[in-house]
Ligand SMILES: Nc1ncnc2c1ncn2[C@@H]1O[C@H](COP(=O)(O)OP(=O)(O)OP(=O)(O)O)[C@@H](O)[C@H]1O
């Protein structure tokens, strides 16, 4: 139910009934034909609940506070009416000295994301708005509050001109604006915000409401409730996998290598080192991933996000250390104050980096909490990176029991169909995990602290080198996204050939069936395999603007790396599966819709499979010995020694 303040409550039914209600079209909400056409080109046909309520009010000129679930389309809810209003005013007619609209966001990543949305909407609407500062101030400025403050103190924007020009002010992810420490910057800015300026607050923050808004309409969808009602989308299925800290690498290997979760996958760790450890570990098994963290230069971070969103790689390991960083910042600040020491202990992290809140990771089907966040709020924001808008998603967490209880308590009654609930992950059997234990532990031992430290330093060096080139190149060639890959192999040694494919004998029938189910669902959803992978894609070096860059170091001669694809391929489960799937997905295409629905709930068949075929697994230890001997031989050949 939408609540309004300052006027009679607007009747909007709860989101659950959305399907039954007559949903208003974008035209009926007051958007003009240009905006509707632009949305159609983006494949957006019906408004989300928050858009239905907010768009007409913003077009009317009301101050609005909007609070809705994560991924519910809040950005378009304010952006569409904001742009329509700017389109209506002839920006060329009066010579403004400051932008007409400020959109303030808490992180640089979010800045870039909102800016891209603004650009694409303006382009699709085919309207001439000033997007850059070349011909005077732009019409819309997307910024962090700190950046606006530097523009003001540097004289780039005059305070007087803000008072004259500013018509709309948006504070997106408003609660984060405060917790990221922008309060002073915001207070300083509000002095120049004219009374007539329409203010929009995305998320409900009392302090900011009082500071900036005038008699606002407050939209809370659904009704004010606890954390779960507010933010966990119902279209996200939540699962847990229980294991000891020591076995976490083993379990994530089983989930990914046996392809039991749908790609693309976003994996959260709590520290940068753990992100690298995981990346190094997975790459030994042929699972390539990229890392995203606050240490990387901004250009690299943006590029990694763009590549991931464009589908250039399937696994992204994001370090969400916002909770720890907040604590560290406070600790460091107090230490600095007491000791008056300016010495920097930690590597420099960008305080304006934010990976969890607001960032729209496109088409993420699975979120894995490799490390659990510290708070329930952190948990719901992380899993909100999947299941965005009308899509579905899955979240899997490797949890300790104590945290699981905490999550369960915020999710409520699992018996209740309507309630969000968290269940054990049904597709991962104990035997599947155990079949990989030997090799996982072997590889985990080789990913030492020193290896992690070296890789982290090397990656940072590469990214810093690339960052400047990237900046220049991508300004001129924005479409050349795939020239620089961020999921390159970090390991200095050639990857062990025998770890790249899972031999058929290691899998029990439950796991085989589960893999099939996941792949079939994928085919039924019409998701094509990532075509950017591997060496099949021909890339002409002569066209590579970065070829002068030698951050990778000299190429090793001798054994080919995994990338080259020259390993002699033994028949793997993948090969067999691919053939079968090709046939089955043809059959499925007729009944595709059904399969999409069934993806939501993992089939009963798969759930019951774990009871079957124990005998087959009993043979595994013998085979494991055979594998071990094979591994030993290969290592000796590689001259590694044991
Ligand atoms: N009406 C719609 N129909 C389908 N998709 C939509 C619609 N509106 C927005 N989207 C898409 O939904 C995704 C999530 O939207 P958005 O980032 O605005 O969510 P949000 O509510 O701001 O989430 P968060 O709280 O995490 O910031 C985006 O990819 C956006 O393009």
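Residue numbers (full-length UniProt numbering): 1 to 642.
Cβ coordinates follow ideal geometry from the N, Cα and C atoms, glycine included.
*For residue 424, write down the residues that DSSP places opposite it in a beta bridge.*
240, per the DSSP bridge assignment.
*Sequence-distant residues of its chain with Cβ nearer than 7 Å to residue 30 (five each side left out)*: The answer, listed in chain order, is 55, 56 and 59.
*Rounded to whole angstroms, how far is the Cβ of residue 284 from the Cβ of residue 65, which I believe are closer than 8 Å?*
About 50 Å separates the two Cβ atoms, so there is no contact after all.
*Of the choices 423, 251 and 81, whose alpha-carbon is the least far from that of residue 431?*
The shortest Cα separation from residue 431 among 423, 251 and 81 belongs to 251.
_Quick check: the Cα distance between residue 123 and residue 374, rounded to an integer number of angstroms?_
In this structure, the alpha-carbon of residue 123 lies about 41 Å from that of residue 374.
_At a threshold of 7 Å, does residue 239 count as lining ligand 1 (C-beta to nearest heavy atom)?_
Because no heavy atom of ligand 1 lies under 7 Å away, the Cβ of residue 239 does not count as near it: no.
*Note down the Cα distance separating residue 503 from residue 237, rounded to an integer number of angstroms.*
Approximately 30 Å between the Cα atoms of the pair.
*For my contact list, residue 142 and residue 111 are in at a C-beta cut-off of 8 Å; report their separation, rounded to the angstrom.*
So it is a contact: roughly 5 Å between Cβ atoms.
*asked:* Would you say the beta carbon of residue 264 is closer than 7 Å to some non-hydrogen atom of ligand 1?
replied: Taking 7 Å as the cut-off, the C-beta of residue 264 does not count as close to any heavy atom of ligand 1.
*Just to check, is the beta-carbon of residue 41 closer than 7 Å to a non-hydrogen atom of ligand 1?*
No, Cβ of residue 41 sits at least 7 Å from all heavy atoms of ligand 1.
*Proximity of residue 106 and residue 75 at Cβ, strictly below 8 Å*: In this structure, the beta-carbon distance from residue 106 to residue 75 does not fall below 8 Å.
*Beta-carbon contacts of residue 195 that lie in its chain and below 8 Å, excluding the five residues immediately before and after*: Excluding sequence positions up to five before and after residue 195, its CB lies within less than 8 Å of the CB of 214, all in the same chain and listed in chain order.
*asked:* If I measure Cβ to Cβ from residue 362 and keep anything under 6 Å in the same chain, skipping five residues before and after, which residues do I get?
replied: Sequence-distant partners of residue 362 (beyond 5 residues in either direction) whose C-beta falls short of 6 Å from its own C-beta, in its chain, are 309.
*Which residue from 101, 68, 26 and 407 puts its Cα closest to that of residue 377?*
Of the residues 101, 68, 26 and 407, the one whose Cα lies closest to the Cα of residue 377 is 407.
*At what residues does the beta strand (DSSP E) containing residue 438 begin and finish?*
According to the DSSP assignment, residue 438 belongs to no beta strand (DSSP E) but to the alpha helix (DSSP H) extending over 430-446.
*asked:* Using a Cβ-Cβ cutoff of less than 8 Å, which residues in the same chain neighbour residue 211 once the five nearest sequence positions on both sides are dropped?
replied: Hits under 8 Å: 186, 187 and 190.
*Specify the secondary structure class of residue 591 as computed by DSSP and reduced to three states.*
Its pLDDT being 43, under 50, residue 591 is placed unreliably by the model, and nothing is read from it.
*asked:* Let me check you understand the geometry: is the CB of residue 51 closer than 7 Å to at least one non-hydrogen atom of ligand 1?
replied: Look at residue 51: its beta carbon is less than 7 Å from one of the heavy atoms in ligand 1.
_Distance, residue 278 Cα to residue 265 Cα_ = Spanning the two alpha carbons is a distance of roughly 14 Å.
_Residue range of the alpha helix (DSSP H) that includes residue 108_ = Taken as a continuous stretch (DSSP letters only), the alpha helix (DSSP H) holding residue 108 covers 108-125.
*Does the distance from the C-beta atom of residue 262 to that of residue 366 stay below 8 Å?*
Going by C-beta atoms, residue 262 is nearer than 8 Å to residue 366.
_With DSSP as the reference, identify every bridge partner of residue 317, one or two as the case may be._
Answer is 267 and 291.
*For the candidate residues 33, 513 and 89, whose alpha-carbon lies nearest to that of residue 168?*
The shortest C-alpha separation from residue 168 is found at 89.
_The beta strand (DSSP E) enclosing residue 66, as first and last residue numbers_ = In the DSSP assignment, residue 66 falls within the unbroken beta strand (DSSP E) covering 64-67.
_Rounded separation between residue 152 and residue 85 - CA only_ = Taking C-alpha positions only, residue 152 is separated from residue 85 by approximately 25 Å.
*DSSP puts residue 165 in a beta bridge; with which residues?*
In the DSSP output, where bridge partners are listed per residue, residue 165 has none listed.
*asked:* Only counting the same chain, and skipping five residues up and downstream in sequence, which positions put a Cβ closer than 7 Å to that of residue 655?
replied: In this structure the chain extends from 1 to 642, so residue 655 is not present and cannot be described.
_With a threshold of 7 Å (Cβ to nearest heavy atom), would residue 76 be considered close to ligand 1?_
For ligand 1, at least one heavy atom lies less than 7 Å from the Cβ of residue 76.
*For residue 518, collect the residues of the same chain with a Cβ closer than 8 Å to its Cβ; drop the 5 residues on either side in sequence, then sort them by chain order.*
For residue 518, where only same-chain residues beyond five positions count, the Cβ hits under 8 Å are 259, 260, 261, 262 and 427.
*Specify the secondary structure class of residue 199 as computed by DSSP and reduced to three states.*
In the three-state DSSP reduction, residue 199 falls in the strand class (E or B).
*asked:* Check for me: the alpha helix (DSSP H) holding residue 53 runs from which residue to which?
replied: If you look at residue 53, you'll find it in the alpha helix (DSSP H) that goes 49-60.
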